[in-house]
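Colleague: Got a structure here, written out as structure tokens. Questions coming.
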Ligand SMILES: [Zn+2]
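Given below as structure tokens:
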């Protein structure tokens, strides 16, 4: 497909999603993260942010004119912000080769449905480039669900307020998102609402939780170890590599939603400041941003057991 045909195809996807009443926002071409928007830390304080930084979720839109204008610029992937769209997306991932043997997310979800008396109805379902499956449900009126990460079941995340799912047709370096079942989204079954609320981080209060502002013991230890390594690296002894490795590792924890992005960035910058090397400050900042984003694009898989052991 020519690059303009590819762009036009993604524009049609964005318009199609919006036509369903789902709020979309552009994601950097070829990636699942980050949104094509500045970060809070680099907010220019202009335009929509004149009265304070606004997040992509707030800007996500169903307005076809805005969508046509934005998608005319580049082949952006299409994020559907779940909560704002009245959706809850259940993301069933596959086991990574380096993870202990066990059922994939899809089997885990079916097992949970069995345990809870189900059903697990057919609904609008997409596929991810890594062979995962995402089930899109509508949310019962008045019910406001947050995202969950590996709490409902192993390899099962959910995307509610604060979270998004990529629409089919979006692409990553390793493949495209596809449509597996075009059944219109059905209401999220009661047992799944219940599982989300019991095991989720927050729900129904109107509060949204996407990441922890203050890291737990596991993430805090990772931050202090990485930052100590940065600070201890002498001049001309591979600082670039140490910094990019550290920022990538912390980015993976941000992607796994156990570490706040702003906190990670601030700690990395503080560690770099100990080098007292203003001549490389701009370059170092660039390394932090690039590597953090790359890590966030490849979230670390954190099993509850490993998390407990490392935290102990
Ligand atoms: Zn801003």
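Residue numbers (this note's numbering): 17 to 328. Beta carbons: idealized from backbone N, C-alpha and C, even for Gly.
Taking all protein chains shown into account, do 16 or more other C-beta atoms lie within 10 angstroms of the C-beta of residue 193, making it buried, or fewer, making it exposed?
Modeller: To locate residue 193, count along the chain shown from 1; it is residue 177. Looking at its Cβ environment, which holds 16 or more other Cβ atoms inside 10 Å, residue 193 is buried.
Colleague: Measuring alpha carbon to alpha carbon, tell me which residue in 284, 248 and 273 is nearest residue 314.
Modeller: What you label residue 314 is simply residue 298 of the chain shown in a count that begins at 1. Comparing Cα positions, the closest option is 273.
Colleague: State buried or exposed for residue 14, treating a residue as buried only when at least 16 other CB atoms are found within 10 Å of its CB.
Modeller: Nothing can be reported for residue 14, as the shown portion of the chain is limited to 17 through 328.
Colleague: What would DSSP say about residue 281, mapped onto helix, strand or coil?
Modeller: As a first step, residue 281 is located in the chain shown; it is residue number 265 there, counting from the start. The answer is helix: DSSP assigns residue 281 an H, G or I state.
Colleague: In the structure shown, what three-state DSSP assignment does residue 163 receive?
Modeller: Along the chain shown, read from residue 1 onward, the residue named residue 163 stands at position 147. Residue 163: coil per DSSP, three-state reduction.
Colleague: Let me check understanding here. Comparing Cα to Cα, which of 310, 180, 283 and 242 lies closest to residue 94?
Modeller: Taking the chain shown and counting its residues from 1, one reaches residue 94 at position 78. For residue 94, the nearest C-alpha among the options comes from 180.
Colleague: For residue 221, which residues in the same chain have their Cβ closer than 8 Å to its Cβ, ignoring the five residues on either side in sequence?
Modeller: As a position in the chain shown, residue 221 is number 205, starting the count at 1. Reliability fails at residue 221, whose pLDDT of 35 lies under 50, so the model's placement of it is uncertain and the value that follows must be treated cautiously. Same-chain partners within the cutoff: 160.
Colleague: Give every residue of the same chain whose Cβ lies closer than 7 Å to the Cβ of residue 100, excluding the five residues on either side of it in the sequence, and list them in chain order.
Modeller: Counting from one through the chain shown, the residue named residue 100 turns up at place 84. Contacts found: 39, 73 and 76.
Colleague: Taking C-beta to C-beta, are residue 283 and residue 243 nearer than 7 Å?
Modeller: In the chain shown, the residue the question calls residue 283 occupies position 267. In the chain shown, the residue the question calls residue 243 occupies position 227. Yes; because the gap between Cβ atoms is below 7 Å, this pair is in contact.
Colleague: Going by other Cβ atoms of all chains shown within 10 Å of its Cβ, with 16 needed for buried, is residue 251 buried or exposed?
Modeller: Within the chain shown, residue 251 is the residue found at index 235, counting from 1. Looking at its Cβ environment, which holds fewer than 16 other Cβ atoms inside 10 Å, residue 251 is exposed.
Colleague: Between the Cα of residue 204 and the Cα atoms of 83, 46, 151 and 36, which residue gives the shortest distance?
Modeller: Here residue 204 refers to the residue found at position 188 when the chain shown is read from its first residue. Closest by alpha carbon: 151.
Colleague: Starting from residue 149, follow the beta strand (DSSP E) in both directions and report where the run begins and ends.
Modeller: Position 133 of the chain shown, counted from the first residue, corresponds to residue 149. Looking at the DSSP string, the run of the beta strand (DSSP E) that includes residue 149 is 149-154.
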